[in-house]
Amino acid sequence: MANISGNAYALTVLCPILPGIPAGAPVETGGQSHTAILRDLLQTVRVNEESPMAKVPNTYLCRFWVLNDVPYQGNPAYLEHLKSEYLVFSSNFHGDLDTYLRGMWDALKKEVLAILVHCVAGETVRDAATFIEYIKKCQVTTTFFFNGSTDEPLAEQLKNLYLKQEFSAFAFDNQGKSAAELQRAFAEFVKRVQPDNLQSPTWAAGAYHLDRVVR
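This is how it looks when you write it as structure tokens:
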């Protein structure tokens, strides 16, 4: 199955966007279409460790975007158009689909509903079960799988990143010390970083830079 690689799952979802302008749209939208409102909404979403998706368990990476059209397809290319504009969501994550989507609903119910109100049949989503059902109806097969992870649960990968970074800093800071000094420093290091504690201290979900971003 193209969507699965080891313990990792690649999800691609195309949700058709409602045509036209929302009924009773507030003045502040300026008469914008559902597509325009969605695009503006997505552009205001914070990224990296401040992204709402950082709250969703076991997300390796993800992306939202609006797909307006795909005018040329195939080789040789031929002219073709979509029947609708689509909200596209792609994600690589650890574990099975139902568990992941339930975690997404629990973490981001408000954000999910704010987005799906602009999608066809989005009003049918009322709880975790109907959200899972809706996403599966909009799911397409992932034909280009990307998984840059180690295939372990996210908590383990974040801890490994943290330990790698902190150990590199430890090695740099303790150059030239005697064996006894180094042994004492390492004991303090292990006590501080708590290698067996996956919860804290660790690399923050969504963080991408080499600063000591921990939680």
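Counting along the sequence shown from 1, when you hit position 30 you're at 32 in my numbering, and nothing is skipped either side. All C-beta atoms, glycine included, are put in the ideal place defined by N, C-alpha and C.
Quick one: using the 10 Å Cβ neighbour count with 16 as the cut-off for buried, is residue i buried or exposed?
| i | result |
| --- | --- |
| A12 | buried |
| T144 | buried |
| L160 | buried |
| V58 | buried |
| H83 | exposed |
| F133 | buried |
| N199 | exposed |
| T46 | exposed |
If residue i and residue j are in contact, beta carbons under 8 Å, what's the gap, nearest whole angstrom?
| i | j | result |
| --- | --- | --- |
| V15 | T37 | That belief does not hold up - the Cβ atoms of V15 and T37 are roughly 16 Å apart, past 8 Å. |
| L89 | C64 | Wrong, their Cβ atoms sit about 13 Å apart, outside the cutoff. |
| D153 | N50 | Going by Cβ atoms, the distance from D153 to N50 rounds to 23 Å, so no, they are not a contact pair. |
| P54 | L110 | 5 Å |
Just to confirm my understanding: we take residue i, look at its own chain, exclude 5 residues before and 5 after, and list those with CB closer than 7 Å. What are they?
| i | result |
| --- | --- |
| R41 | V68 |
| P197 | L165 |
As a quick exercise: from the options, pick the residue whose alpha carbon is nearest that of residue i.
| i | options | result |
| --- | --- | --- |
| D129 | V114, V72, Q141 | V114 |
| K139 | A123, N50, A181, F147 | A123 |
| A131 | F147, D100, S53, W205 | D100 |
| C147 | G97, S92, F169, A189 | Correcting the residue identity first, residue 147 is Phe in this sequence and not Cys. Closest by alpha carbon: S92. |
| I39 | A209, L118, F172, G97 | L118 |
| S202 | A181, A157, K179 | A157 |
| G105 | K85, N60, E183 | N60 |
To which residues of the same chain is residue i closer than 6 Å at the C-beta, ignoring the five residues directly before and after it?
| i | result |
| --- | --- |
| E87 | I19, T37, N70 |
| M3 | Residue placement at M3 is flagged as unreliable, the pLDDT there being 47, under the threshold of 50; the coordinate-derived value follows with that caveat. Cβ neighbours of M3 beyond the five flanking positions: none. |
| L163 | W205 |
| A207 | A56 |
| Y136 | V127 |
| L44 | F66 |
Grab me the residues of residue i's own chain with a C-beta within less than 8 Å of its C-beta, minus the 5 sequence neighbours each way, in chain order.
| i | result |
| --- | --- |
| L81 | P73, Y74 |
For a quick check, are the C-beta atoms of residue i and residue j less than 9 Å apart?
| i | j | result |
| --- | --- | --- |
| V195 | E168 | yes |
Shorter than 9 Å from the beta carbon of residue i to some beta carbon of chain C?
| i | result |
| --- | --- |
| V127 | In the structure shown, chain C does not exist; there is a single protein chain. |
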